[in-house]
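Heads up: the sequence shown at position 149 corresponds to 172 in this note's numbering, and the numbers run straight through without jumps. Even for Gly, the Cβ is constructed at its ideal location relative to N, Cα and C. Written out below as structure tokens is the structure these notes cover.
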Amino acid sequence: MRVTHDAGETHDTPTIAVLLASEHLIVREGLRKLLEAEPGVVVVGDVSDPQEALTVTRAVKPHVVIVGFSGRLLVRTLRSLRQLVPAGEYGRVIVLAPRIDKKQMVQALQLGVGGILLKETSARELVESVRKVVAGERIGTSRDLAGSGEPLLRNRVDESGTTQQFGLTSRELDIVAAVRRGDSNRAIARRLALSEDTVKHHLTSVFDKTGVASRLELAVFAMQYGLGDDGVGAQTFMNQR
Numbered sequence: 024m025r026v027t028h029d030a031g032e033t034h035d036t037p038t039i040a041v042l043l044a045s046e047h048l049i050v051r052e053g054l055r056k057l058l059e060a061e062p063g064v065v066v067v068g069d070v071s072d073p074q075e076a077l078t079v080t081r082a083v084k085p086h087v088v089i090v091g092f093s094g095r096l097l098v099r100t101l102r103s104l105r106q107l108v109p110a111g112e113y114g115r116v117i118v119l120a121p122r123i124d125k126k127q128m129v130q131a132l133q134l135g136v137g138g139i140l141l142k143e144t145s146a147r148e149l150v151e152s153v154r155k156v157v158a159g160e161r162i163g164t165s166r167d168l169a170g171s172g173e174p175l176l177r178n179r180v181d182e183s184g185t186t187q188q189f190g191l192t193s194r195e196l197d198i199v200a201a202v203r204r205g206d207s208n209r210a211i212a213r214r215l216a217l218s219e220d221t222v223k224h225h226l227t228s229v230f231d232k233t234g235v236a237s238r239l240e241l242a243v244f245a246m247q248y249g250l251g252d253d254g255v256g257a258q259t260f261m262n263q264r
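In structure tokens form, the structure reads like this:
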């Protein structure tokens, strides 16, 4: 464990304080060099296990915690950080993983992570992600999951990045927001005073317009592009239309 700054040095200035958590020293050292080359970013510490991550987060209150653990270590760390950190106050989490399967991604979203990146993410993308998460944005990955060769998201936005590019109607955006909340078709139907068949019809249309193939993909796609921003994260995803 290495702590290099205290909270007073970071939060009285516009500097972004980052804590690094990974089992691998070479990863932590590489990330430290990369991030500290950026103006306005300081690495306040690096840790090698979940308990150290909690201890240093509690003591230093970093703006961002980059978590490089995988499997059970990842989930355990995210759960503990969620309990420790008051929502939105500090310690926004970016998961940086060599691979992440759909189950782990759902768990991470449930636990309120600010972003999910794979380790082949470029240095520029990582730095931009840190700044976006501090600004309150959520980021997601459109890379392949767990080497399956199946893209999580099929990007159909142009450079403008506007929702109009997807051709979604206001009702379809309501459906997207509900899926982000983890609502079932029955719950969506009750909330919007629709039949379940109508909800399924709207979902089919949304899937076709965005190019996603499941509710999970839609939730992450919506998070990445700001669709249905009143959604609060993933809860239950059934591969149904």
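DSSP places L96 within a helical segment (H, G or I) once states are collapsed to three.
Excluding the 5 residues flanking it on each side, S71 has same chain C-beta neighbours closer than 6 Å at E46, in chain order.
Beta-bridge partners assigned by DSSP to G138: I117, I162. As DSSP reads the structure, V90 sits in a beta bridge with A44, V118. Segment contact: the segment 201-216 against the segment 227-243, three or more CB-CB distances shorter than 8 Å; contact assigned.
If you look at A131, you'll find it in the alpha helix (DSSP H) that goes 125-133. Across the set L104, H224, K125, I117, the C-alpha of L104 shows the shortest separation from the C-alpha of R81.
Rounded to the nearest whole angstrom, the C-alpha separation of V150 and I198 is 32 Å. CA-to-CA, the gap between G91 and E143 works out to about 13 Å. Under the Cβ criterion (8 Å, minimum of three pairs), the segment 122-136 does not count as touching the segment 73-80. Exclusion of the five residues before and after V235 leaves L241, F244 as the residues of its chain whose Cβ lies within less than 6 Å of its Cβ. Taking V118 as the centre and dropping the five residues before and after it, the same chain places the C-beta of V90, A131, V136, I139 closer than 6 Å to its C-beta, in chain order.
For E219, the enclosing alpha helix (DSSP H) has its first and last residue at 219-233. Less than 8 Å divides the Cβ of V66 from the Cβ of R55.
In this structure, L250 is the residue among L250, A40, V98 with its C-alpha nearest to the C-alpha of G190.
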